[in-house]
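Chemist: Numbering (the numbering used here), first residue to last: 8 to 371.
1. Tell me residue 297's beta-bridge partners as DSSP assigns them.
2. If you compare alpha carbons, which of 167, 9, 11 and 19 is closest to residue 366?
3. With a Cβ-Cβ cutoff of 9 Å, do residue 85 and residue 74 count as a contact?
4. Give the secondary structure of residue 97 by DSSP, where H, G and I count as helix, E and B as strand, and everything else as coil.
5. Skipping 5 residues on each side, what residues in its chain have a beta carbon closer than 8 Å to that of residue 151?
6. What does DSSP give as the partner residue(s) for residue 72 in the beta ladder?
7. Just to confirm the assignment, what range does the beta strand (DSSP E) spanning residue 24 have?
8. Hey, residue 49 and residue 303: beta-carbon distance below 9 Å or not?
9. Could you say if the segment 258-267 and the segment 79-94 meet the contact criterion of at least three C-beta pairs nearer than 8 Å?
10. Apply the 10 Å Cβ neighbour rule to residue 65 and answer buried if 16 or more other Cβ atoms are within range, or exposed otherwise.
11. Which runs of the alpha helix (DSSP H) at least 4 residues long sit entirely within the segment 74-151? Give them in chain order.
12. With a threshold of 8 Å on Cβ separation, who are the neighbours of residue 270 within its own chain once the five nearest residues in sequence on each side are excluded?
13. For residue 388 and residue 123, what's the separation of their Cα atoms in angstroms?
14. Pull up the CB-CB distance for residue 194 and residue 220, whole angstroms please, since I reckon it's below 8 Å.
15. In three-state terms, what does DSSP make of residue 166?
16. Use the C-beta contact count for residue 243: other C-beta atoms within 10 angstroms, 16 or more gives buried, fewer gives exposed.
17. Who are the near neighbours of residue 211 in its chain, counting only those whose CB is closer than 6 Å to its CB and skipping five residues on each side?
18. On a Cα-Cα basis, can you pick out the residue from 147, 173 and 189 that is closest to residue 166?
19. Does the beta-carbon of residue 12 have 16 or more other beta-carbons within 10 angstroms, so that it is buried, or is it exposed?
20. Excluding the 5 residues preceding and the 5 following residue 27 in the sequence, name in chain order all residues of the same chain whose CB lies nearer than 6 Å to its CB.
21. Pick from 229, 187, 110 and 344: whose alpha carbon is nearest that of residue 204?
22. Could you tell me the alpha carbon to alpha carbon distance between residue 57 and residue 104, rounded to whole angstroms?
23. Here's the rule I'm using: 16 or more other beta-carbon atoms within 10 Å means buried, otherwise exposed. How should residue 106 be labelled?
24. Over what stretch of residues does the beta strand (DSSP E) that includes residue 40 continue unbroken?
25. From residue 38 to residue 71, what does the alpha carbon distance come to, in whole angstroms?
26. By the 10 Å Cβ neighbour count, where 16 or more other Cβ atoms means buried, how is residue 25 classified, buried or exposed?
27. How many angstroms separate the CA atom of residue 132 from the CA atom of residue 318?
28. Leaving out the 5 sequence neighbours to the left and right, which residues in its chain are closer than 6 Å to residue 134 when beta-carbon positions are compared?
29. Determine, using beta carbons only, whether residue 137 and residue 311 come nearer to each other than 9 Å.
30. In the DSSP assignment, what are the bridge partners of residue 355?
31. Evaluate residue 170 with the Cβ neighbour count: other Cβ atoms within 10 Å of its Cβ, from every protein chain shown; 16 or more gives buried, anything less gives exposed.
32. Grab me the residues of residue 354's own chain with a C-beta within less than 7 Å of its C-beta, minus the 5 sequence neighbours each way, in chain order.
33. Rounding to the nearest angstrom, what Cα-Cα distance links residue 294 and residue 78 in this structure?
34. Using DSSP with H/G/I as helix, E/B as strand and the rest coil, what is residue 305?
35. Have a look at the DSSP bridge pairing and note the partners of residue 221.
36. Closer than 7 Å by C-beta to residue 292: which residues in its own chain qualify, once you throw out the five before and the five after it? Chain order, please.
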């Protein structure tokens with residue numbers, strides 16, 4: 008079984024409503040759909056997230072040359088060749104984003120060809136459903152509080168909030184949401200690297216009155232020693248996200264005891280195989296992992312479910328963002344029950360592509 012072609016298709020899907028966060032307002036999900044075809048007749052699909060779709064497509068076409076002619080199950084060998092012989096190792100963060108969509112499509116094709124779910128290749132399942140966060144949307148504190156309360160009533164046990172716009176706005180939002188959801192649900196904050204070390208310590212200490220579970224990546228990703236300083240200076244747990252996109256970065260965070268939890272996703276780590284490896288590295292330090300999400304379609308969620316099912320050190324409240332999109336690229340629905348989603352048993356990643364939707368949202 009060999010890969011015969013890899014095709015990149017730029018996709019843009021409107022969101023249900025504008026997404027407000029520290030970097031501004033987002034109204035589109037910008038994606039690249041990768042299609043991996045094989046000589047067995049099995050076809051796999053994966054997606055990468057991006058800002059520049061033209062650059063992602065061009066880069067993807069170059070990287071795809073290493074995949075063509077190989078078995079879709081030779082991921083370790085293919086990735087080794089990419090990082091050893093190519094120049095991709097000089098730009099790991101960008102390269103991971105590109106590779107992730109192709110890598111995921113390979114597992115989808117392999118699973119379809121063999122008639123088994125992709126989790127079969129990732130160590131096997133330790134769970135049959137995955138718990139996901141409540142992610143309230145809106146621009147005002149009252150909007151976010153109402154949505155958070157509704158999501159908790161549906162069964163979510165973890166509420167995730169974007170902060171980092173201003174100290175006054177942050178406290179207003181956090182206070183309103185905590186009052187709306189009550190004392191039981193876990194409350195996690197993500198300022199997306201908005202603060203420096205002193206302001207992070209001040210902000211977290213002030214917001215600790217609202218019983219936080221953790222604060223994710225409060226400062227710039229490269230400042231691991233600063234992250235460790237913050238962790239020692241506050242009562243709230245600290246989660247690392249943008250600081251752990253590669254194995255070398257993760258090792259530095261673990262060795263410096265800079266985080267209580269690790270937030271990683273397939274887009275940032277270069278696919279679900281590498282995500283599995285990084286999760287195991289965190290496990291050796293006794294550190295739990297949480298799935299990182301971006302503005303993406305449910306294709307990414309299907310891929311995530313297959314690997315998250317295999318991780319013994321997975322937390323509650325994993326991130327999910329496909330629900331922000333107005334439409335999806337698959338005909339297979341993902342239906343949460345009480346905040347959790349069952350892991351599909353169908354071959355590959357477990358979905359059927361909606362070719363009409365792909366045609367509608369292709370960028371030309």
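We treat Cβ as the ideally placed atom computed from N, Cα and C, and that holds for glycine.
Modeler: In brief:
1. 270.
2. 19
3. yes
4. helix
5. Contacts found: 143, 144, 145, 168, 180, 183 and 184.
6. Note: residue 72 sits in no beta bridge, so no partner.
7. 10-28
8. no
9. no
10. exposed
11. With a minimum length of 4 residues, the continuous alpha helix (DSSP H) runs that stay inside the segment 74-151 are 82-92 and 99-121.
12. 223, 224, 246, 247, 248, 251, 296, 297, 298, 299 and 326
13. The structure shown does not extend to residue 388, since the chain spans only 8 to 371, so no value can be given for it.
14. 6 Å
15. strand
16. buried
17. 222, 241 and 243
18. 189
19. exposed
20. 146
21. 229
22. 8 Å
23. buried
24. 31-45
25. 17 Å
26. Classification of residue 25: exposed, given that the 10 Å Cβ count is below 16.
27. 8 Å
28. 316
29. Residue 311 sits close to residue 137, with the two beta carbons spaced by under 9 Å.
30. 124
31. buried
32. 118, 119, 122, 123 and 124
33. Here the C-alpha atom of residue 294 lies approximately 34 Å from the C-alpha atom of residue 78.
34. helix
35. Looking at the DSSP assignment, residue 221 forms a beta bridge with 195 and 244.
36. Excluding residues within five positions, the ones whose Cβ falls inside 7 Å are 261.
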